[in-house]
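Below: one structure, written as structure tokens.
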Amino acid sequence: MKSFFKIFFASLLALFIFTLIGVIILIAIAAGASRHEKPYVGEKGLLVLDLGVAYREQAKDNTLNNLFGGDASDNVPGLYDIVRMLHYAKYDTAIKGLLIKPGQNPNGFATSEELRLAVLDFKLSKKFVYAYGEYFSQKDYYVASAADKIYCNPNGGVDWGGFSVKLSFFKGLLDKLEIEPEVFYAGKFKSATEPFRVTQMTDANRLQTTVWLGDLYSDFLQKTAEARNIDTAKLHQWANEGTIQNANDALTHHLFDGLKYDDEIKDLLLKQTGKKGHEVNFVPLGKYADAVDFSTSGDREIAVVYAQGDIVGGKSSSGNEEKNIASEDFVKLIRKLRFDDNVKAIVFRVNSPGGSSLASDEIWREISLAKKEKPVVVSMGDYAASGGYYISCSGDSIFADRGTITGSIGVFSILPNLQGFFKNKLGVTFDGVKTAPYADMGSSDRPLTDVEKHFLQTDVNTIYNQFLSRVASGRKKDTAYVDSIAQGRVWTGQRAIGIGLVDRTGTLQDAIACAARMAKLNAYKTGEYPERSFSLKGLLQGSFGSGMKADAVRESIGEKQYQMLLQTKKLQQMFGVTQTRLPFDFDVR
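Quick note on my numbering: the sequence shown kicks off at 121 and runs consecutively.
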């Protein structure tokens, strides 16, 4: 009995403490909402674009961080927020210039492209733009090349070795474990199943990867050549010959404008901003986002719907750092916008490598219905491939960045046969009864029969043909033609225009302007969806849940290993569900 009361009162105390914390948080939120003061950026400010930050499509919610003593500088704006901020800063007299800080840029090529274009737009103000850091990765340099001057620490440098892609293959491991993946796919370029069925890239995959990687590299060289007034052939030659090995090499070959220590660059920045004293007024983007109002105004709205992450069925879980595109949530959201008379157009911003084929079709259906009521313009981010293209193909107009990875129109399914692993490695066997020959079809404890394999391949082929018909209808192309450019092949945004999968290159802002023209709007406001939730549960999970756990894991094992962990997790999710997914999570060096 004593044990019972001990447990009872401990549980009661825990419940009381949790409730008290919840009440305190709610009071703080209410107080913060009523007394929130915009931070003061000061005079002669220098806006800072930190390329070491991963910028998502939507801003990360830092409500609790702000309310409990956190610095507004720690807030992470969304990509479109940054674009609008830099445009706003052109006319802000408190901002005298922009500093670009390299940091092993974790963002994709399309995101980096939109950042670079925003920097170029800011430069039209005639305010200075400098880049400075200890080391520039190639993606850092891609954005930094838009600056007026590029400076580096004397002991730093720049990566100038060309682009490369490394893919992981697990067939050898599975063979050792006597695990047999039973693979079904449609499309000779649909290489998402390659890690499980071969030990190196197939010829088809090597061909498509060589082409799209070459496109990205050519764009990188071209932009650098234009910015630094250096011939692309020379830039390519330096990479091939390993000419650029340190900061002095980069300076000699005019990739840098000077080598300076931290104190020297700060003296230069003080002079450029005209600020007296010893401290430069650095203004981080997070702080600037809270300090200024760069939103649009008007009675009529263009809804910007962000679809970022893997496409999954059902609902998404709040507080999940790596957000998914959950079909039930997005169908409900798009349907709501479809019937909202104040919403005159929808811009669907897609940044997804794909996922569940069924979930993709459900979202495609709702987009197609919305298109009948009001203009729907698609804007593609880093990825809009496979399922990501599936949900995009019915848009009235499709915009992509040059570095967008798109296409990958193909389907696959994988079922693991673990019979050998269980029996020979673990000593486990299975037996049972069934009322029909296929009642246990798909069980991992036995191989599929030839008839069952036929069923599954037929299902994959059926979904692939449906995918082709969706694309053919949306793009007004012949199905046979779509099949010729599909087959699971990956394309860059620039190349996708020539084959008709994309209408034009352009940023999210370009897509919004197009939607305004289609809806005949001279004045409008933009609404951003999904709307961020400020529920207690969401705030607690977002601040103390999976996001914090992910940060802890990332910090302890390193960014590269963390990305490999995420990739392994995604590979596990491929089993058992018919997928329209990009072949790999590409890690371009």
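Yeah, the Cβ is synthetic: ideal placement off N, Cα and C, and Gly gets one too.
This one's a predicted model, so the numbers in the text were calculated from it and none came from an experiment.
Within 10 angstroms of the Cβ of residue i, are there 16 or more other Cβ atoms? Answer buried if so, exposed if not.
i	result
glutamate 163	exposed
glutamine 629	buried
asparagine 471	buried
threonine 68	Since the first residue of the chain shown is 121 and the last is 709, residue 68 is not available in this structure.
phenylalanine 468	buried
lysine 158	exposed
tyrosine 160	exposed
alanine 606	buried
asparagine 462	exposed
leucine 504	The residue you asked about is not leucine; residue 504 is alanine in the sequence shown. Buried, by the Cβ-count rule.
valine 580	buried
asparagine 349	exposed
threonine 555	exposed
lysine 464	buried
alanine 458	Reading off the sequence, residue 458 comes out as arginine, not alanine. Buried: at least 16 other Cβ atoms inside 10 Å.
aspartate 603	buried
Rounding to the nearest angstrom, what Cα-Cα distance links residue i and residue j in this structure?
i	j	result
serine 663	tyrosine 408	Because serine 663 sits at a pLDDT of 46, beneath the cut-off of 50, its placement in the model cannot be relied upon, and the point is left open.
alanine 446	isoleucine 487	14 Å
threonine 735	histidine 373	Residue numbering for the chain in the displayed model covers 121 to 709; residue 735 lies beyond these limits and cannot be assessed.
glycine 547	isoleucine 534	24 Å
asparagine 401	lysine 269	19 Å
threonine 329	leucine 641	41 Å
threonine 344	lysine 435	43 Å
lysine 291	glutamine 320	9 Å
leucine 656	lysine 180	Annotation note: pLDDT 47 at leucine 656 (below 50); position unreliable, coordinate value reported separately. Cα to Cα, leucine 656 sits roughly 16 Å from lysine 180.
isoleucine 431	proline 473	8 Å
threonine 612	phenylalanine 309	15 Å
asparagine 360	asparagine 227	25 Å
glycine 198	glutamine 428	12 Å
threonine 625	alanine 230	11 Å
glycine 552	phenylalanine 532	30 Å
alanine 639	arginine 485	22 Å
lysine 354	aspartate 323	30 Å
glutamate 493	aspartate 460	10 Å
tyrosine 200	methionine 500	13 Å
lysine 286	glycine 172	22 Å
glycine 253	tyrosine 271	7 Å
tyrosine 399	glycine 282	It is glutamate, not tyrosine, that sits at residue 399 in the sequence shown. Those two C-alpha atoms are separated by around 38 Å.
lysine 396	leucine 390	7 Å
glycine 620	cysteine 634	18 Å
glycine 647	serine 417	10 Å
leucine 489	lysine 597	20 Å
glycine 665	lysine 443	At glycine 665, the pLDDT of 46 sits below 50, so the modelled position is not reliable; the number obtained from the coordinates is stated separately. Looking at the two C-alpha atoms, the distance is approximately 13 Å.
alanine 264	glycine 508	29 Å
asparagine 738	leucine 219	Residue 738 cannot be examined here, being either before or after the span of the chain that is shown, 121 to 709.
proline 495	valine 610	27 Å
Shortest alpha-carbon distance to residue i belongs to which of the options?
i	options	result
valine 318	Ala616, Val303, Gly378, Val548	Val303
glycine 618	Ala633, Leu568, Arg522, Gly223	Arg522
valine 708	Gln224, Ala179, Leu240, Lys452	Gln224
arginine 420	Thr322, Arg652, Ala636	Ala636
arginine 236	Thr213, Asp212, His207	His207
histidine 574	Tyr558, Leu588, Lys645	Tyr558
serine 589	Asp570, Gly530, Thr627	Gly530
alanine 238	Ala266, Phe248, Tyr250, Ile215	Ala266
glycine 594	Ser517, Lys545, Asn325	Ser517
alanine 643	Lys452, Ser604, Ser415	Ser415
proline 650	Asp449, Leu576, Leu166, Pro536	Asp449
serine 477	Thr549, Tyr584, Asp502, Pro495	Tyr584
glycine 307	Asp502, Ser528, Ser480	Ser528
phenylalanine 519	Val451, Glu234, Arg458, Ala600	Glu234
phenylalanine 587	Glu482, Thr549, Phe316, Pro536	Glu482
Can the beta-carbon of residue i be found closer than 8 Å to that of residue j?
i	j	result
glycine 277	tyrosine 261	no
valine 168	lysine 221	yes
isoleucine 466	isoleucine 632	no
lysine 543	serine 514	no
isoleucine 454	valine 497	no
glutamine 539	aspartate 570	no
tyrosine 510	threonine 700	yes
alanine 209	phenylalanine 248	no
tyrosine 175	isoleucine 215	no
arginine 615	aspartate 335	yes
glycine 608	serine 288	no
leucine 166	valine 331	no
tryptophan 280	isoleucine 385	no
isoleucine 299	phenylalanine 541	yes
Is residue i near the ligand HEM, with its Cβ less than 7 Å from a heavy atom?
i	result
glycine 277	Questions concerning the ligand HEM fall outside what the structure shown contains, since it holds no ligand whatsoever.
For this session: With a floor of 4 residues, list each alpha helix (DSSP H) that falls wholly inside the segment 421–480, ordered by position along the chain.
Result: 447–458
Problem set entry | Whole alpha helix (DSSP H) elements within the segment 330–373, 4-residue minimum | 352–361, 367–372
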